[in-house]
Amino acid sequence: MAVELNALRDQIDAVDKQMLELLAQRLALV
């Protein structure tokens, strides 16, 4: 169970980083 939670957390971290990068690009365009 703990391993699954860690994997899920890693996926969420990766998505968060992608979202932050998209936000940064959008702000840079504006």
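In this text, residue positions in the sequence shown follow my numbering: the first is 15, and each later residue adds one.
The C-beta atom is built at its ideal place from N, Cα and C for all residues, glycine as well.
When the Cα atoms are used, what is the spatial distance from residue i to residue j?
{"i": "K31", "j": "A16", "result": "23 Å"}
{"i": "L41", "j": "D27", "result": "21 Å"}
{"i": "A38", "j": "E18", "result": "30 Å"}
{"i": "A21", "j": "L43", "result": "33 Å"}
Would you say the beta carbon of residue i comes nearer than 7 Å to a heavy atom of the ligand GTP?
{"i": "V29", "result": "Ligands displayed in this structure: none; no statement on the ligand GTP is therefore possible."}
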